[in-house]
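All remarks here apply to the structure that follows.
Chains as they are written, first to last, in my numbering: chain A, 1262 to 1641; chain B, 1262 to 1641; chain C, 1262 to 1641; chain D, 1262 to 1641.
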């Protein structure tokens, strides 16, 4: 029987559900030394925390995260709150020697992220950031194909994260469900929310980013604010695009927007190498497109790999060939890898340090967009 | 807090896992009066039953299904055993007034199915058959679009279920994992295993089948038998195709095989109506293709509906637009509907009676393949 | 300079245009010993013949095909008239020692086709039938991959030809543009018009058909007749499907209809072999889908081969990789192969004899649909 | 009978063929007042000019373009030579009062283009640049949908032109077939060759570009030069990407490369508007993808419009629904529109003036790439 690892989660929103589901499922499908025990959920509203606890089977509720991070019966703090609270909570959790899983982006900026890295490293606690898309099997496969050298020298890396849910000017900003539109809570718009994912994966696939030139735009300039009730200036970016150069000499092209009508969560990437290319998108996350120039001429073409065979990453744990998994499974995989890392004393990526590097790219992107200049990414 | 409904499951294989996962997840995502309690798992091997119970949290194990169906603390029997055992178990369960969920195909033939229907109807117990694909949201949506009259008069219904896992002559037949290749355990090959799904969905979408002309083929004539250790004649059909006429005047074309290289679980259907057409396949189960002739000419085309918006069937319970679910969720939906049906006293489909009609189509198909004649489907 | 080969074409409709375009283009792209010279077009209406001649550059017009086939300055007769006239014209042309290119299907039935074969073989004149889809480069490539043994043993051959242009009951039958709806002129409906193509290609790819079981349907039973002005019974089949067994032991599934809403000219085929599978459709005729099980596991998938590279059939004659050709080019290729065959004394396929075999399959299909019995295909 | 319009073409390469094919075909499919007469082809090599004339039916050959542009029997000069010769030829042709069709990009830079515009406008001769992709029916349809207001306010315009033919360092530069790799002849690499197309279409769809930030890269720094026989520095850009802002407030993202393994001529664009989005690519040029948010929720999805129906741009001139045309037809359409414009005294676009604006964007892109700064596009 797997050993208990007691989880205290802060936040009960979309990510609270996604993580809870992962904790509840992981031991049904993965053989692990540890099993997450849902010890406590924390939210400012006791009623909402209680309802969430009932649904997911959390044993207790808290309304003050400071109390939660001090509880002796908690091993791991899972931070699912708005971006502007990550640092304070994580620093406190580290002080209390808790393992920490933090939602992305890690922080409001690189400086905050640096402090968080210092805190967890000083405390020596396992830590990880929820850049979950690394664990979509097709995305993991992409990394594997690159590592095997199948692509050869990389020339181009492109990524997009396209949504369309904020086009209406009637949509307000701020408060529980819409804090992502509120610069005070979110820090930035699509840059921190969506491009952060693209950058995390790109760094994993293709190494560090060197310099960037970026532009941002806010299409709807004012929105009613849910907390004040007043129409206020919108401080976030609705769209952000940047070109960049990677350390390995390849060129990058990244773009994100919430104004791409018809795309709901269309995270895409494409990598062009000397010998082969790879493409993927989140709307059909169970497929990887792959072109290999070394195939014989007449049968050369883009292959649509249906990533469901048991020799594919993580897929031996699920069903049978042809039967797809979905979005939620990326979280299950991440929890499985984290628990395995704890057991083996070998941290699962991306750690806070890893996410700090991503934060420095985000900083450079936002600065370039403000200054209108090519900007060098700082080194973490 | 939802009321407990005590489940005893028989069989721990692929379907045992799929069902158990559904029982464990359903109350996290659906608001229901009942919640399944995993009371007991039954298998001939106590060790395997115990291991399965540990993984999934079943409270107890049994090695004799006869004992299980008599246990007072069990409300519902879930039959996940090979086809040749369904009838005996279900009859006993009905005698003991248990609710019954039975894997498909319901029985070895129509006559057996008829007895099972009689038994559950006489006992008055809720009953359902695991034709899970009805609850893939895109498949449910197809039914909705037909019911709304969007297609108009139906001219054509086509379905395929294509696999490629038995092409190697080295694959043996019989025993735990490969009973589907053993005629004694399975009754038939792809006809009962795969076409049964196609027929169930087709009947749901398009009504009853009238007459059929069929052919079957066994490409590999002999295989080693795992139980006897000898090379024995293969009694199942490797492939089956049939043409048919539906009661509504439309034409049907159905085909299934385990010899379609490159297709793993490619269940597809396409429906052509007077005004609109629909197409779907299981390899991208979160999409529905839809063509509507009433669209203005220059913007008329096949639409790929990414069935993830909250106004789509079941999808308000999951994530956000663009984030797909997978195979396993069809079982969650089916359990949710069943539990809801129990609460409301309104049985969820397909019931045993429904599956009996499907069995009669299967019987007609197999008879037509044997006789080489157009065959009328018997009425249940 | 290429030698002239004088063409007399009968019919100025859709096929008259497609062939004329091929004659006009072929020497611009192919190096050939012969060049077609557009000598005469024949049509009952002198005005229409004249207009067609003006557009395409035919040197003269005729209104009586009997005169055309006797003209000394004509080397080749191209038959683009309704099906019920093919035999008489071809027999006369053969008597006059003309080369003959005949539209498909070759004849109204096998018996007529047999006489036509006898006539051209007795006359010793080059002859060919316009089953143009063999010369779509992707279709030619499919044949090549099969011949190279890449698929291994073939298990399944499936083909469809789906249209939707006759769904409206208001559409009349008969006369110039709509003779395909008139049984007297067309012989059959989709069977001779569309399935003929599927069968021709299938025989080329997969060998002869042994036995068939078929069904046909006429959804709209009566239509106004353009020639009589009266509402008359519709004699053609609107839809036809058949299952079959090929000589090589593989199973066939063929279907055609003009009632598949959303499909305009969707000719598709899929071939499943032991090692590999192939799929193609006419709506994206420049692509071939190919799955090879011998690819390494993790990069195995269906490849979409964009058949535009110069090492693909015919494609060295056109543009550069990535730039697609279209429907009309299949006719150019067929003319090029025919002219090359004339120069080399080696006839291009499909000859009348070849098309006669296809006609015998059509006969068996229609007979099976009438009798409701499995029917053996006669041998030519 | 259409009136003759005498064409003198300079250059016999890829574009010489594409244009000649268009001249030969256009009157077979379009009813026009004028018909092109292939009067003369000009090339430095008399042998090559003669061979080309024989293939395409040009009546005469010239080896000095200066003589050609002075010939009294020539109405129209078609410039298909390398970019560095366009200006000189066009200026001379204008002086001789010839109509001029010029390959793209119009010139080596904006200044040259300005002179060419002045020359043709002073001479008052019809003039057009071969930005042929405007006349792919799906691309024309995109323009139509935008003009009809179906997209509403535009937020994003993205375009790519991806190839992979120069990845090998063994490929030389310069000379007949490879002048596109020689900066002296081509001016730039993918910027002038490929992005020029993207910019032309974008301006047509979305209006003028305001400011740009760009990067270029030359992956292979040295190549053997065919004219000198020596290894020389490569002066062209292998890849170019730029972000931009349009006058209408939308954001642009453009990228081109010859190092995108697996893409041969993958010109793509996507336009996101308030109500609807459009996407297209050249590898399946007969399709337009369209998403309309105003569709009812449950049947909302990206439509793949198979642009072959007769109500689509140009498609009433070709075959029947479902039967696709290809690359070459865009040139036929452009010739048809040009001839129609001549007859009606209303010039077809894009004129030299139009192409001059595109040239100014190219200049700004290349300057931004050199300077590393956001650059304003000059006004033509």
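Ideal Cβ positions, reconstructed from N, Cα and C, are used throughout, including at glycine.
Quick caveat, the model's predicted, so the values are computed rather than measured.
Taking residue 1614 of chain A as the centre and dropping the five residues before and after it, the same chain places the C-beta of 1378, 1382 and 1641 closer than 8 Å to its C-beta, in chain order.
The shortest C-alpha to C-alpha distance from residue 1616 of chain B to any of B:1279, B:1376, B:1321 and B:1297 is the one to B:1376.
Only exposed fits residue 1438 of chain D, as fewer than 16 other CB atoms lie within 10 angstroms of its CB. Cβ neighbours of residue 1521 of chain A within its own chain (closer than 6 Å, five residues either side excluded): 1423 and 1425. Take residue 1282 of chain D, set aside five residues on each side of it, and the residues of its chain with a beta-carbon closer than 6 Å to its own are 1589, in chain order. Chain order gives no chain C residues near residue 1576 of chain B, where near means a beta carbon separation below 7 Å; the closest approach is about 25 Å. Among the residues of the stretch 1460–1479 of chain D, those with a Cβ less than 7 Å away from any Cβ of chain A are 1474, 1476 and 1478, in the order of the chain. Not a single C-beta of chain C is nearer than 9 Å to the C-beta of residue 1269 of chain B. Chain order gives no chain D residues near residue 1581 of chain B, where near means a beta carbon separation below 8 Å; the closest approach is about 15 Å. Beta-bridge pairing by DSSP links residue 1485 of chain A to A:1492.
Cβ atoms of residue 1479 of chain A and residue 1498 of chain A come within 8 Å of each other, at about 6 Å. Exposure of residue 1262 of chain C is indicated by the presence of fewer than 16 other C-beta atoms within 10 angstroms of its C-beta. Listed along chain B are 1425, 1521, 1522, 1523 and 1524, each with a C-beta nearer than 9 Å to that of residue 1538 of chain C. In chain order, 1559 make up the part of chain A whose C-beta sits under 7 Å from the C-beta of residue 1573 of chain C. Rounded to the nearest angstrom, the gap between the Cα atoms of residue 1530 of chain C and residue 1548 of chain D is 21 Å.
As DSSP reads the structure, residue 1508 of chain C sits in no beta bridge. Residue contact with chain C for residue 1441 of chain B: absent (no Cβ-Cβ distance below 9 Å to any residue of chain C). Per the DSSP secondary-structure output, residue 1434 of chain B pairs in a beta bridge with B:1486. Using beta-carbon distances, residue 1431 of chain D does not count as an interface residue toward chain A, since no partner is under 9 Å. Secondary structure of residue 1341 of chain C (DSSP, three-state): coil. Rounded to whole angstroms, the gap between the alpha carbons of residue 1432 of chain C and residue 1525 of chain B is 43 Å.
A straight-line Cα-Cα distance of about 17 Å links residue 1369 of chain D and residue 1459 of chain D. Residue pairing by DSSP places residue 1287 of chain C in no beta bridge whatsoever. For residue 1428 of chain C, the closest Cβ of chain B is nearer than 9 Å. Residues of the stretch 1616–1632 of chain D with a Cβ closer than 8 Å to any Cβ of chain C: none. Secondary-structure assignment with DSSP links residue 1476 of chain D through a beta bridge to D:1502.
In the DSSP assignment, residue 1529 of chain B falls outside any alpha helix (DSSP H) and lies within the beta strand (DSSP E) extending over 1527–1534. Among the residues facing chain A, residue 1594 of chain C is not included, as its CB has no counterpart in that chain under 9 Å away. Under the three-state reduction of DSSP, residue 1571 of chain A is assigned to coil, being neither helix nor strand. By the 16-neighbour rule on beta-carbons within 10 angstroms, residue 1286 of chain A is buried. Interface annotation, residue 1541 of chain D: not in contact with chain B, CB-CB separation never under 9 Å. Residues of chain D whose Cβ lies closer than 7 Å to the Cβ of residue 1588 of chain C are, in chain order, 1580, 1584 and 1585.
Between residue 1518 of chain A and chain D, the shortest Cβ-Cβ separation is below 9 Å. Around the beta carbon of residue 1307 of chain B, fewer than 16 other beta carbons lie within 10 angstroms, which makes this residue exposed.
Excluding its 5 nearest sequence neighbours in each direction, residue 1388 of chain B has C-beta neighbours in its own chain below 6 Å: 1361, 1381, 1612 and 1613, listed in chain order.
Taking the Cα positions, residue 1371 of chain A is about 25 Å away from residue 1275 of chain A.
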